[in-house]
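Take a look at the structure set out below.
There are 2 protein chains.
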Amino acid sequence: METYLECLPCFVRQALEAVALTTDIPAIQEQVLKQVFSELGRIDLGGTPPVMGQKIHKIVRDAAGVKDAYIKVKEQCNTLGRKMYPELKKRIIESESPFETAVRLAIAGNIIDFGVKSHSEVIDIEGAIERAIVADLGDVVAEFETAVGAANKILYIADNAGETFFDKLLLERMPCEKVTYAVRGGPIINDALIADAEEAGITELVRVIDNGSDAPGTVLEQCSKEFRGAFDAADLVISKGQGNYETLSSIDKDIFFLLKAKCPVIARHIGCAAGTTLLFRKRPITVTKD
Amino acid sequence: METYLECLPCFVRQALEAVALTTDIPAIQEQVLKQVFSELGRIDLGGTPPVMGQKIHKIVRDAAGVKDAYIKVKEQCNTLGRKMYPELKKRIIESESPFETAVRLAIAGNIIDFGVKSHSEVIDIEGAIERAIVADLGDVVAEFETAVGAANKILYIADNAGETFFDKLLLERMPCEKVTYAVRGGPIINDALIADAEEAGITELVRVIDNGSDAPGTVLEQCSKEFRGAFDAADLVISKGQGNYETLSSIDKDIFFLLKAKCPVIARHIGCAAGTTLLFRKRPITVTKD
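Residue numbers (this note's numbering), protein chains in the order written: chain A, 902 to 1191; chain B, 902 to 1191.
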């Protein structure tokens, strides 16, 4: 998905958020933001939104001299996920269709995304859960369950810290020996890193790798050989969240996208209302041409 | 009121909106926006938000080669105001307290503001009216009515096109011979100009002047001698909207502010929730010291 001009105010908001997380001295915040603006005046707007976001957050980190502006935010995300995990696990076990409930909860967890929302805004996780439980997902859940059962190698591409606990609920319903769980290769917004996968206990459950890139999505040409190998070898890819959708939606691969379409630009691109709980399959082009 | 860093994403959004109104060619839009970013990288962030907004909209107009990007938007605002005026006038006449109803409707009309909202968003004018009718304004309406009755020279500072029709409803309840109605001196967002005051029939009702400045507020040091004269001579100033509040809130003058606090930064500055229907008095410092 291309970067639209209407993404730009959101990038500025993200830069502002990131700056505010690194320092509370207005003069320094202003200095960093001006640097961001200068770069935006020169930058190539081509590429997907995560490629732009990657550039902007790098400017902020470099200018502010910090490695990870969102480290505390991610701690809060993990605390939220950890707190919710036991009751959600119980809800899955007691539900009529545990796999389906786990899928719905994994999508709901995608609300924990500070690329779209301000970190100071309250995340309505309870609301997201209840909406996900009743969302009309059509027949895709059954198709997804069948595909998971039939696949030999599954690559589950994570999105955010905290959301990892919701991913774990779904991973526990999958054939773990077939699954590789991939996180980002470096700090970017509140996207999950290896440490966050560990926090959620996912490293004890499935093989976990990072993708070697600090874009807030999956920019294949930036990814490590290890990740590319896992991607190519997988006969089923599970893609969580907006950033992965933005970067993988045009890739020729069998991908199930699980996300909350939080941003109006992405919702329009997909053809749904903003806020929609989504599960959909993008079959490889070779298959859809049959 | 100073410009806060969190105003910056909003300025970028405004620039984007203004660019989109002048051309639908993405390459030109991108070029103009990059110019805005370059300027934002150099700009002095001092001054009130309207001073910043004035600079940004000038960049867009100059780069896009247009005199008034919002001319069609203002036509739509005037059409909306004109359409609503008769039934609202009837509502005022039939109400228990016509002056108070007119005040409430004049504040509701401040929702027609494209500095805060996107011009593509639907304006919930009906909702704004019903909320304004029941809003808790305390004893200030009575105080305002007394002040209007006691004043010798009243300066009513307008905000937006279309809102002018709502202003007219209030002006009709005032001693018109004492009132001067002031609009902006040049095109800026959907702010009212002389033409918009004429459209609403206000020029037939009271003396109308422009302030000589194209800031989306009242930046006194930029204003014409005529406006400054009217401001200094007035023993009561009525200030509509956010831009006028942002620029006049620290001026030593008896001012009644009538506005919808639409933006969260302004709402925080005032100490209310975003969206609040507001009528409040800022007495001159010399009086409050008594």
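Backbone N, C-alpha and C fix where the C-beta goes; we use that ideal spot for every residue, glycine too.
Item to check | Assigned exposure category for Ile1030 of chain A - 16 Cβ within 10 Å defines buried | outcome: Taking the first sequence and counting its residues from 1, one reaches residue 1030 of chain A at position 129. Per the 10 Å Cβ criterion, buried.
Item to check | Other residues of its chain near Ile1171 of chain A: CB distance less than 6 Å, five sequence neighbours each side excluded | outcome: For the purposes of this step, residue 1171 of chain A is taken as residue 270 along the first sequence, with counting starting at 1. Closer than 6 Å at the Cβ level, and outside the excluded window around Ile1171 of chain A, lie Ala1162.
Next on the checklist: Could you check whether Phe938 of chain B and Leu1106 of chain A sit closer than 8 Å to each other, using their CB atoms as the reference points?
Outcome noted: Taking the first sequence and counting its residues from 1, one reaches residue 1106 of chain A at position 205. Taking the second sequence and counting its residues from 1, one reaches residue 938 of chain B at position 37. The answer is no: Cβ separation not under 8 Å.
Checklist entry - Rounded to a whole number of angstroms, what is the C-alpha to C-alpha distance between Leu1180 of chain A and Met902 of chain A? => result Looking up residue 1180 of chain A in the first sequence gives position 279. Looking up residue 902 of chain A in the first sequence gives position 1. C-alpha separation (whole angstroms): 18 Å.
Next on the checklist: Please classify Val1004 of chain B as buried or exposed, where buried requires at least 16 neighbouring CB atoms within 10 angstroms.
Outcome noted: Walking along the second sequence from the start, residue 1004 of chain B turns up at place 103. With 16 or more other Cβ atoms within 10 Å, it is buried.
Next on the checklist: Quick check on Gly947 of chain A - is its C-beta less than 8 Å from some C-beta in chain B?
Outcome noted: Taking the first residue of the first sequence as position 1, residue 947 of chain A is located at position 46. False, the Cβ-Cβ gap to chain B never drops below 8 Å.
Checklist entry - So which residues of chain C does Val913 of chain A contact, with C-beta pairs closer than 8 Å? => result The chain inventory of the structure shown lacks chain C, comprising the protein chains A and B.
Checklist entry - Among the residues of its own chain, which have a CB less than 7 Å from the CB of Leu989 of chain B, if the five just before and after it don't count? => result For the purposes of this step, residue 989 of chain B is identified with residue 88 of the second sequence, where counting begins at 1. Here the set comprises Leu1006, Leu1070.
Checklist entry - Between Val1084 of chain B and Ala1093 of chain B, which are expected to be in contact by the criterion C-beta below 8 Å, what is the C-beta distance as a whole number of angstroms? => result Within the second sequence, numbered from 1, the residue matching residue 1084 of chain B stands at position 183. Within the second sequence, numbered from 1, the residue matching residue 1093 of chain B stands at position 192. About 5 Å separates the two Cβ atoms, so the contact holds.
Item to check | Best match in A:Leu909, A:Phe1067, A:Glu1100 for proximity to Arg992 of chain A [C-alpha to C-alpha] | outcome: Within the first sequence, numbered from 1, the residue matching residue 992 of chain A stands at position 91. Comparing Cα positions, the closest option is A:Phe1067.
Checklist entry - Do you know whose CA, among B:Asn1061, B:Ile1095, B:Ile957, lies nearest Cys911 of chain B's CA? => result By 1-based counting over the second sequence, the position of residue 911 of chain B is 10. Here the closest residue by C-alpha is B:Ile957.
Next on the checklist: Taking the alpha-carbon of Ala1131 of chain B as reference, which of B:Ala919, B:Leu1056, B:Glu931 has the nearest alpha-carbon?
Outcome noted: For the purposes of this step, residue 1131 of chain B is identified with residue 230 of the second sequence, where counting begins at 1. If we check each option's Cα against that of Ala1131 of chain B, B:Leu1056 comes out closest.
Item to check | Backbone secondary structure at Thr1081 of chain B - three-state DSSP | outcome: In the second sequence, residue 1081 of chain B corresponds to position 180, counting from 1. Residue state, collapsed to three classes: strand.
Item to check | The alpha helix (DSSP H) enclosing Thr923 of chain A, as first and last residue numbers | outcome: The residue given as residue 923 of chain A occupies position 22 in the first sequence. Taken as a continuous stretch (DSSP letters only), the alpha helix (DSSP H) holding Thr923 of chain A covers 909 to 923.
Item to check | Closer than 9 Å at the beta carbon, the chain B residues around Leu922 of chain A | outcome: As a first step, residue 922 of chain A is located in the first sequence; it is residue number 21 there, counting from the start. Near Leu922 of chain A there are no residues of chain B at all, since even the closest Cβ is about 13 Å away, more than 9 Å.
Checklist entry - Hey, quick one: how far does the beta strand (DSSP E) through Arg1108 of chain B stretch, first residue to last? => result Locating residue 1108 of chain B in the second sequence gives position 207, where the first residue counts as 1. It spans 1108 to 1111 - the beta strand (DSSP E) in which Arg1108 of chain B sits, taken as one unbroken run.
Next on the checklist: Please report the straight-line C-alpha distance between Ile994 of chain A and Tyr986 of chain A, rounded to a whole angstrom.
Outcome noted: In the first sequence, residue 994 of chain A corresponds to position 93, counting from 1. In the first sequence, residue 986 of chain A corresponds to position 85, counting from 1. So the two alpha carbons sit approximately 12 Å from each other.
Next on the checklist: Is Pro927 of chain A close to chain B? Criterion is C-beta to C-beta, closer than 8 Å.
Outcome noted: Translated into the one-based positions of the first sequence, residue 927 of chain A becomes position 26. Yes, Pro927 of chain A lies at the interface with chain B (some Cβ there is under 8 Å from its Cβ).
Next on the checklist: By the three-class DSSP mapping on this structure, what secondary structure does Lys1190 of chain B have?
Outcome noted: Within the second sequence, residue 1190 of chain B is the residue found at index 289, counting from 1. With a pLDDT of 33 at Lys1190 of chain B, under the threshold of 50, the modelled position of this residue cannot be trusted; read the value that follows with caution. Residue state, collapsed to three classes: coil.
Next on the checklist: Comparing C-alpha positions only, which one of A:Gly1086, A:Gln930, A:Leu1137 sits nearest to Gly966 of chain A?
Outcome noted: On the first sequence, residue 966 of chain A is found 65 positions in, with the first residue counted as 1. Measuring from the Cα of Gly966 of chain A, the nearest candidate turns out to be A:Gln930.
Checklist entry - Do Gly1010 of chain B and Gly954 of chain B have their CB atoms nearer than 8 Å? => result Here residue 1010 of chain B refers to the residue found at position 109 when the second sequence is read from its first residue. Here residue 954 of chain B refers to the residue found at position 53 when the second sequence is read from its first residue. Their beta carbons are not under 8 Å apart, which means Gly1010 of chain B does not touch Gly954 of chain B by this criterion.
Checklist entry - How would you call Arg943 of chain B, buried or exposed, if buried means at least 16 neighbouring beta carbons within 10 angstroms? => result For the purposes of this step, residue 943 of chain B is taken as residue 42 along the second sequence, with counting starting at 1. Classification of Arg943 of chain B: exposed, given that the 10 Å Cβ count is below 16.
Next on the checklist: As a quick exercise: from B:Lys1183, B:Ala964, B:Val1109, B:Gln936, pick the residue whose alpha carbon is nearest that of Val1138 of chain B.
Outcome noted: Working through the second sequence from its first residue, we reach residue 1138 of chain B at position 237. If we check each option's Cα against that of Val1138 of chain B, B:Lys1183 comes out closest.
Checklist entry - How many Å lie between Gly1050 of chain B and Leu917 of chain A at the Cα? => result Translated into positions along the second sequence, residue 1050 of chain B becomes position 149. Translated into positions along the first sequence, residue 917 of chain A becomes position 16. Going from the Cα of Gly1050 of chain B to the Cα of Leu917 of chain A covers about 47 Å.
Next on the checklist: Rounded to whole angstroms, what is the Cα-Cα separation between Val1188 of chain A and Cys1173 of chain A?
Outcome noted: Translated into positions along the first sequence, residue 1188 of chain A becomes position 287. Translated into positions along the first sequence, residue 1173 of chain A becomes position 272. Legend: pLDDT at Val1188 of chain A = 38, less than 50; position of this residue unreliable, value from coordinates given subsequently. C-alpha separation (whole angstroms): 24 Å.
Checklist entry - In terms of alpha-carbon separation, which member of B:Gln932, B:Lys984, B:Tyr905 lies closest to Leu906 of chain A? => result Residue numbering aside, residue 906 of chain A sits at position 5 when the first sequence is read from its first letter. Among B:Gln932, B:Lys984, B:Tyr905, the Cα nearest to that of Leu906 of chain A is on B:Gln932.
Checklist entry - What is the rounded straight-line gap between the Cα of Arg1169 of chain B and the Cα of Gly1102 of chain A? => result On the second sequence, residue 1169 of chain B is found 268 positions in, with the first residue counted as 1. On the first sequence, residue 1102 of chain A is found 201 positions in, with the first residue counted as 1. The alpha-carbon atoms of Arg1169 of chain B and Gly1102 of chain A are separated by roughly 41 Å.
Checklist entry - Where do the N-terminal and C-terminal ends of the alpha helix (DSSP H) with Phe938 of chain A fall, by residue? => result For the purposes of this step, residue 938 of chain A is taken as the residue at position 37 of the first sequence. Here the alpha helix (DSSP H) through Phe938 of chain A covers 927 to 943.
Next on the checklist: So if I threshold CB-CB distances at 9 Å, which residues from the stretch 930 to 944 of chain B count as touching chain A?
Outcome noted: Gln930, Glu931, Leu934, Lys935, Gln936, Val937, Phe938, Ser939, Glu940, Leu941, Gly942, Arg943, Ile944
Checklist entry - What is the residue span of the beta strand (DSSP E) that Ala1162 of chain A lies within? => result The residue given as residue 1162 of chain A occupies position 261 in the first sequence. Run containing Ala1162 of chain A: 1156 to 1162, per the beta strand (DSSP E) assignment.
Checklist entry - Any C-beta of chain B sitting closer than 8 Å to the C-beta of Thr1187 of chain A? => result Within the first sequence, the letter at position 286 stands for residue 1187 of chain A. Since pLDDT at Thr1187 of chain A reaches only 48, below the 50 mark, its modelled position is unreliable, and the value read off the structure follows with that caveat. At a cut-off of 8 Å, the C-beta of Thr1187 of chain A has no neighbouring C-beta in chain B.
Next on the checklist: Can you find the residues in the same chain that come closer than 7 Å, C-beta to C-beta, to Val1041 of chain A, ignoring five residues on each side of it along the sequence?
Outcome noted: Reading the first sequence from its first residue, position 140 is the one you call residue 1041 of chain A. Closer than 7 Å at Cβ, skipping near neighbours: Leu1180, Phe1181, Arg1182.
Next on the checklist: If I follow the unbroken beta strand (DSSP E) through Leu1180 of chain B, where does it start and stop?
Outcome noted: Position 279 of the second sequence, counting from 1, holds the residue named residue 1180 of chain B. It spans 1177 to 1183 - the beta strand (DSSP E) in which Leu1180 of chain B sits, taken as one unbroken run.
Checklist entry - Alpha carbon to alpha carbon, how far is Arg962 of chain B from Leu934 of chain B? => result Taking the second sequence and counting its residues from 1, the one referred to as residue 962 of chain B is at position 61. Taking the second sequence and counting its residues from 1, the one referred to as residue 934 of chain B is at position 33. Each residue's Cα considered, the two are about 11 Å apart.
Checklist entry - With a CB to CB cut of under 6 Å and the five nearest residues on each side skipped, what residues in its chain are close to Gly1118 of chain A? => result Reading the first sequence from its first residue, position 217 is the one you call residue 1118 of chain A. Once the five neighbours on either side are set aside, the close Cβ partners of Gly1118 of chain A are Pro951, Gly1144, Asn1145, Glu1147, Thr1148.
Next on the checklist: Tell me the residue span of the alpha helix (DSSP H) that contains Val974 of chain A.
Outcome noted: The residue labelled residue 974 of chain A in the question sits at position 73 within the first sequence. First-last of the alpha helix (DSSP H) with Val974 of chain A: 972 to 995.
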